[in-house]
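Asker:
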Amino acid sequence: MSFLNNIKIAVIGGGSWATALIKILCEQNNVQIRWWLRNQKDIEHIRKFHHNPSYLSDVVLSPKKVKVFEKTTDAVKGADYVILAVPAAFVQEALRDLSGKHLQGKRIVSAIKGMVPDKNMLITDWISKEYGIDLHETCVIAGPCHAEEVALEKQSYLSIASTECPSAEDFAKLMTCRYVTANPLDDLYGVEYAAVMKNIIALACGITHGLGYGDNFQAVLVSNAMQEIGNFVTALDPRERNMSSSAYLGDLLVTAYSQFSRNRLFGNMIGRGYSVKAAQLEMKMIAEGYYATKSITEMNKIHLVSLPITNAVHRILYEEQAPGMVMDELKKLLK
Numbered sequence: 119m120s121f122l123n124n125i126k127i128a129v130i131g132g133g134s135w136a137t138a139l140i141k142i143l144c145e146q147n148n149v150q151i152r153w154w155l156r157n158q159k160d161i162e163h164i165r166k167f168h169h170n171p172s173y174l175s176d177v178v179l180s181p182k183k184v185k186v187f188e189k190t191t192d193a194v195k196g197a198d199y200v201i202l203a204v205p206a207a208f209v210q211e212a213l214r215d216l217s218g219k220h221l222q223g224k225r226i227v228s229a230i231k232g233m234v235p236d237k238n239m240l241i242t243d244w245i246s247k248e249y250g251i252d253l254h255e256t257c258v259i260a261g262p263c264h265a266e267e268v269a270l271e272k273q274s275y276l277s278i279a280s281t282e283c284p285s286a287e288d289f290a291k292l293m294t295c296r297y298v299t300a301n302p303l304d305d306l307y308g309v310e311y312a313a314v315m316k317n318i319i320a321l322a323c324g325i326t327h328g329l330g331y332g333d334n335f336q337a338v339l340v341s342n343a344m345q346e347i348g349n350f351v352t353a354l355d356p357r358e359r360n361m362s363s364s365a366y367l368g369d370l371l372v373t374a375y376s377q378f379s380r381n382r383l384f385g386n387m388i389g390r391g392y393s394v395k396a397a398q399l400e401m402k403m404i405a406e407g408y409y410a411t412k413s414i415t416e417m418n419k420i421h422l423v424s425l426p427i428t429n430a431v432h433r434i435l436y437e438e439q440a441p442g443m444v445m446d447e448l449k450k451l452l453k
C-alpha cells in the first residue's frame, strides 16, 4: 500500500479511544477519516462544531479530514483500513450490518483491548473467522497509552502488532506524529492477550487500593502479574518474546497505576464496597477487565495455567466473594 497516495481510514466507535486515534491520524497530511458513531446527536454535533461532545470534548477535529457517518456500511466504503474502537462487549452489535464483502481487501485494525465475551475469542480471531479476513491483514493497537494524554498531546507510545512486521510497520507510520511514537512488532497474539490480561490486573490493583493496601503491596502484585501474563501468553502462543518491553510491561504499568485507567477505577470502587452493578452504573464507561476476567478464566479451564490474581478477581466479581477475604488469601501466594 503506497503512502504517497491518500489513505482512507474508517473508524468504528465514538468513545475516548476512538476520538484520540482520530486526533493522531489528523496529524497526517495523506489521511482521510470516515467515522462511524452510534449516537445521532453526537454525529450532528461533530458535523457542526468539529469535536466529540461526549468524550475528549476539547479535541478539535479537522472538518477537511474527518467525515462522520450514520451507517457502518457507508463508513467502510472505499476505506483502506478499518479501525475497530468499540468496547469488546459491543463489537458484534456495532458490526452487525457488515458482511465479509464489505471488509474484503481492507486491513482490519483492532484498537479493542478485550475479547468477544460470549465466544472467548480475541477480536482478530473473531474478525478472521466471522468475516473471512486473512489474519495477515489484521493488526492490533496496544499501549502504553491513554486517550486522555493523547488529548493533552503528552509524549505517548503505541505498539502496533501483526503476524508479519511489514503490515505493522505500514500502520505504525500512520500512527506516528509529533507527540506519538508507534513501534511495530510481529507478535499479534502475544500483544493482544497481554492487552486483555493487563486490564484484569488493573482491576486487582484498584481493588487492593480500595481496600487500603499500600504501594509496597501493589509493586509485588504487579511484578507477580507480569509473570502470570507471561505464563498464560506462552501457554497459548509459545515463542521468544521480551515481556519487559513496552508493549507488554509498559502497557501493564500504565493501566495498573494511571489515574486515567478505568479498570483501576472500577476495581477501586469494588474494593471500597460498591457492588459490580453499582460501580458500572456510576462509571458510565466500560471496564474491559470485567468481561476479560470471565473469558480468561473460562479459557484457562483448558490450559490450566496458574493464574492466582485472575482467579482472585473472578471470585470477587463473579462469585461475589468479599474482596478483603479474597485478597488476604492472595497475598499469601505472592512472592
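Under this note's numbering, residues 119 to 453 are what the sequence shown spells out, in order.
C-beta: ideal position from N, C-alpha, C; glycine also.
(1) Report the three-state DSSP secondary structure of N147 (helix, strand or coil).
(2) Please state whether DSSP places G133 in a helix, a strand or coil.
(3) In the DSSP output, which residue or residues are listed as bridge partners for F187?
(4) Less than 9 Å separating the beta-carbons of L321 and F384?
(5) Between which two residues does the beta strand (DSSP E) holding V298 run?
(6) For I318, which three-state DSSP category applies?
(7) Could you round the C-beta distance between G131 and V204 to whole angstroms and report it? I think they count as a contact, below 8 Å.
(8) In whole angstroms, give me the CA-to-CA distance for L329 and E287.
(9) Taking the continuous alpha helix (DSSP H) assigned at Y408, which residues delimit it?
(10) Assuming contact is defined by CB atoms lying nearer than 9 Å, are H421 and F350 in contact in what I supplied?
(11) Roughly how many angstroms separate the alpha carbons of M387 and G196, rounded to a whole number?
(12) Would you mind sorting G232 into buried or exposed? The rule is 16 or more other CB atoms within 10 Å of its CB.
(13) According to DSSP, simplified to helix, strand and coil, what is A290?
(14) Between which two residues does the alpha helix (DSSP H) harbouring S277 extend?
(15) Helix, strand or coil for C263 per DSSP?
(16) How far does the beta strand (DSSP E) with S228 in it reach, from first residue to last?
(17) For A313 versus A260, is the C-beta distance shorter than 9 Å?
(18) Determine, using beta carbons only, whether L306 and V258 come nearer to each other than 9 Å.
(19) Helix, strand or coil for K126 per DSSP?
(20) Leaving aside the five residues before and after I434 along the sequence, list all residues of the same chain whose C-beta is less than 7 Å from its C-beta, in chain order.
(21) Under the DSSP definition of a beta bridge, which residues are partnered with C257?
Answerer: In short, the structure shows the following:
(1) It is coil, neither helix nor strand.
(2) Secondary structure of G133 (DSSP, three-state): coil.
(3) Answer is W154, bridged to F187.
(4) The answer is yes: Cβ separation under 9 Å.
(5) Element bounds for V298: 298-303.
(6) Correct three-state label for I318: helix.
(7) Their Cβ separation, rounded to whole angstroms, is 4 Å, which keeps G131 and V204 in contact under 8 Å.
(8) Taking the Cα positions, L329 is about 43 Å away from E287.
(9) Counting along the chain, the alpha helix (DSSP H) containing Y408 begins and ends at 406-421.
(10) In contact: H421 and F350 (Cβ atoms closer than 9 Å).
(11) C-alpha of M387 to C-alpha of G196: approximately 44 Å in a straight line.
(12) Buried, by the Cβ-count rule.
(13) Residue state, collapsed to three classes: helix.
(14) Here S277 belongs to no alpha helix (DSSP H); instead the beta strand (DSSP E) covers 274-279.
(15) Coil.
(16) Element bounds for S228: 225-228.
(17) Taking 9 Å as the Cβ cut-off, A313 and A260 qualify as a contacting pair.
(18) With a cutoff of 9 Å on beta-carbon distance, L306 and V258 are scored as near each other.
(19) When DSSP states are grouped into helix, strand and coil, K126 belongs to the strand group.
(20) In chain order, I325, I388, P441, V444 place their CB closer than 7 Å to the CB of I434, counting only its own chain and leaving out the 5 sequence neighbours on each side.
(21) In the DSSP assignment, C257 forms a beta bridge with V227.
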